[in-house]
Amino acid sequence: MTNLPLYRLIVFNLLEINLRSAMVFHCWSPREAYPLAKLLSENSIYAQFIDLQQDPENLANIHKDYLDSELPKLGVFLDLGCEMAESVTNQSSRARLYNQNLHWLLYDEAGNLTKLSQLFQNANLSLNADVTHASRQEEAQDTFVLRDVYNKGSHLGGQLNVTIDRSLQCNPSLCQVRDYLSDLHLGSRLQHRTDLSNITFRLAALVSVLPINSSEEALLEFLNSDRDSHMDSISRIGYRLILHCQEVLGFKMHYMWCGTWSVQDAFGGAIGMLVNESAEICTTPFVPSWNRLHYVHPMTEQAQFRAVCMFRTPHNAGIKAAVFLEPFMPSVWFAFMGLLMFAGVLLWLIFRLERHWMQRCLEFMPSLLSSCLISFGAACIQGSYLMPKSAGGRLAFIAVMLTSFLMYNYYTSIVVAMLLGSPVRSNIKTIQQLADSSLDVGFDTVPFTKTYLVSSPRPDIRSLYKQKVESKRDPNSVWLSPEEGVIRVRDQPGFVYTSEASFMYHFVEKHYLPREISDLNEIKLRPESAVYGMIHLNSTYRQLLTQLQVRMLETGITSKHSRFFSKTKLHTFSNSFVIQVGMEYAAPLFISLLVAYLLALMILLLELSWARWGRRTILNLKL
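Going by the working numbering, the first residue of the sequence shown is number 161, and it counts up by one from there.
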């Protein structure tokens, strides 16, 4: 019966955090363990009992045989008085099982803290360890003292921390708090573990614009400076946020410098340091991908990543005559032509009526073709040299002129709006269209651009790389520095340059006039996505750092740094551009005028020939 308070403590400890599954490592006889099994069953707690007095060979893989669970949280009770208890703690340390997924209750009958220190001084405890040490009070066998056990990072300079929590008084029927012996009950475990002043984080610091073998002072000076904010802007955003975390938590940092984001998506470069756990944190955020999410956890969004292909609209894109026909649908054009022909016939009939029946004086009787020409002239707002004399005829002519006036004004307003209302945009809207076009393409020299072009599974990206890079006599000629590429886009309309948008925007604002900015076209090289601060999926600091990052996002600290280092759009105004109608639109007008003159000349020659032939015929008849 002396173990009944302990059994009640075990049940109370599991129910306190609503755990319904537990492993019990003990060295009791079956008769002694039976009351605990009955008590757990009465409280709907599934438990598996592991006797530590069995053959040691059966306990060689405790972490795989018993503690490798898919449950979100599992309770574990361990009696430190058993001979095999040290083997259990050592195996759990090597398997990194002292984390938030396992709730440990360590019981020591004698309350020997020296033994606890020997077992866990060099153990792989973590900041998020959920380990409680319980011991009996000597003067009261039904009273237990609970202590919180953790280490802020033994491999990073942390020390074993054992903090007294509270005392519980347990009888065979219930447990209740007797005294709070510290202030741990006033907050969560994590809130009492935020002082990381004795921890040294390994920081993967990415700098791609300086030689990686530069002095650490020069590299740090670049990360801390505000000048050239467009250079390594994403990495510098993440570094500033890490500095804010350092101010709150007080940790120190050991810099591990690298010059690339990754080599193969989730491996190599800065992301590789996080994946293989050679670094706890990284200055640069990353685009989350399926392969990366197997190893790292995205904390919060820090900036936007937009890789785009930028170019000015080429002005030699061929003749575009459709703009003069687009204001009306074909049915409207045919209806208007029919109306003009009907008006021409009506005017011809009115002229005949006035001459023969109404005895109106006309200098000559216009033909049907002349009447149709008068109707067409009304459509072109050219008026007419010949007007009907009767009131009805003039009303008919006014109706034709009014209808033509309305159609003409609507037509000209649409055409002017299309030609002069906004800058002309290119018809190239996709990467595949760009790959199939005759435009020259240049690419940024940063590693992630080339990595994406080479390793992307998208067929349009592979086509772009094949037609614009591999097909060149000198493939190295397509790789240009951002400033050189942006200037070439300005000077050669139709040349395409590919890079990260905020990086290019700095040079665009530096070298472009407002009207040149308005002439720019963009095609997304890859889907626009946010970049997130990353931490290893199993990092013991994951929850703490994520909470800090979320808090900085909520208070606007993240957006402040993002707006300073990363440009999301170019600023221009609607009146900052001058629209110049090029030959691609004016050529159809000149061609139609030339065709009309040639046609008129041919008709004139035919008329002259006809008149000459008529005169000869008359002369021959007279002779």
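Beta carbons: idealized from backbone N, C-alpha and C, even for Gly.
Check	Outcome
Using a Cβ-Cβ cut-off of 6 Å (strictly less than) and excluding sequence neighbours within five positions of residue 321, which residues of its own chain qualify?	310
Report the CB separation of residue 262 from residue 181 in whole angstroms; it is logged as a contact under 8 Å.	11 Å between Cβ atoms; not a contact.
Using the three-state DSSP reduction, which class does residue 404 fall into: helix, strand or coil?	helix
Would you mind sorting residue 454 into buried or exposed? The rule is 16 or more other CB atoms within 10 Å of its CB.	exposed
Evaluate residue 206 with the Cβ neighbour count: other Cβ atoms within 10 Å of its Cβ, from every protein chain shown; 16 or more gives buried, anything less gives exposed.	exposed
Three or more C-beta pairs under 8 Å: does that hold for the segment 316-331 against the segment 193-208?	no
Flag this pair as yes or no: are the beta carbons of residue 183 and residue 216 separated by less than 8 Å?	no
Counting C-beta neighbours from all protein chains within 10 Å, is the total for residue 777 16 or more, i.e. buried, or is it exposed?	exposed
Taking the alpha-carbon positions, what's the residue 303 to residue 334 distance?	12 Å
With a cut-off of 8 Å, do at least 3 Cβ pairs link the segment 407-417 to the segment 357-374?	yes
Starting from residue 226 and walking both ways along the alpha helix (DSSP H), at which residues does that stretch end?	Taken as a continuous stretch (DSSP letters only), residue 226 belongs to no alpha helix (DSSP H), as it is neither H nor E.
Under the rule that 16 or more other beta-carbon atoms within 10 Å means buried, what is residue 710, buried or exposed?	exposed
Give the DSSP-derived three-state secondary structure of residue 505 in the structure shown.	helix
Between residue 161 and the rest of its own chain, which residues show a CB-CB distance below 7 Å, the 5 nearest in sequence each way excluded?	Note on residue 161: pLDDT 44, under 50, position unreliable in the model; no value is reported.
Let me know the secondary structure DSSP gives residue 161 once reduced to three states.	Only weak support exists for where residue 161 lies, its pLDDT of 44 falling under 50; the value from the coordinates is given anyway. In the structure shown, residue 161 sits in coil (DSSP, three-state: anything other than H, G, I, E or B).
Can you tell me which of the three DSSP states residue 450 falls into?	coil
Would you check if the segment 664-677 and the segment 621-637 touch, i.e. whether three or more CB-CB distances between them fall below 8 Å?	no
Could you give the DSSP three-state label for residue 423: helix, strand or coil?	coil
Check this for me: beta carbons of residue 424 and residue 615, under 8 Å apart or not?	yes
Excluding the 5 residues flanking residue 444 on each side, which residues of the same chain have their C-beta closer than 6 Å to its C-beta?	366, 394, 395, 398 and 430
Within the continuous beta strand (DSSP E) that includes residue 602, where are the two ends?	601-604
If I measure Cβ to Cβ from residue 233 and keep anything under 7 Å in the same chain, skipping five residues before and after, which residues do I get?	179, 261 and 263
Go to residue 721, then tell me how far its alpha helix (DSSP H) extends in each direction, as first and last residue.	717-725
How many Å lie between residue 610 and residue 642 at the Cα?	14 Å
Just mark residue 502 as buried or exposed, buried being the case when its beta carbon has 16 or more other beta carbons within 10 Å.	exposed
When you compare the CB positions of residue 728 and residue 406, do they come within less than 8 Å of one another, or not?	no
On a CA-only basis, which of 591, 636 and 637 is nearest residue 622? Give me that one, please.	591
Check whether the segment 651-661 and the segment 467-475 touch, using three or more Cβ-Cβ pairs below 8 Å as the test.	yes
In or out: residue 660 buried (at least 16 other Cβ within 10 Å) or exposed?	buried
Which stretch, first to last residue, makes up the beta strand (DSSP E) that contains residue 308?	303-311
Thinking residue 638 and residue 628 are a contact (beta carbons under 8 Å), I'd like their distance in whole angstroms, please.	7 Å
Buried or exposed: where does residue 373 fall if 16 or more other Cβ atoms within 10 Å of its Cβ makes it buried?	exposed
Excluding the 5 residues flanking residue 493 on each side, which residues of the same chain have their C-beta closer than 8 Å to its C-beta?	485
How do the segment 183-194 and the segment 343-362 stand: do at least 3 beta-carbon pairs fall below 8 Å, yes or no?	no
Using a 10 Å radius around the Cβ and a threshold of 16 neighbouring Cβ atoms, would you call residue 280 buried or exposed?	buried
Please name the residue or residues paired with residue 417 in a DSSP beta bridge.	365
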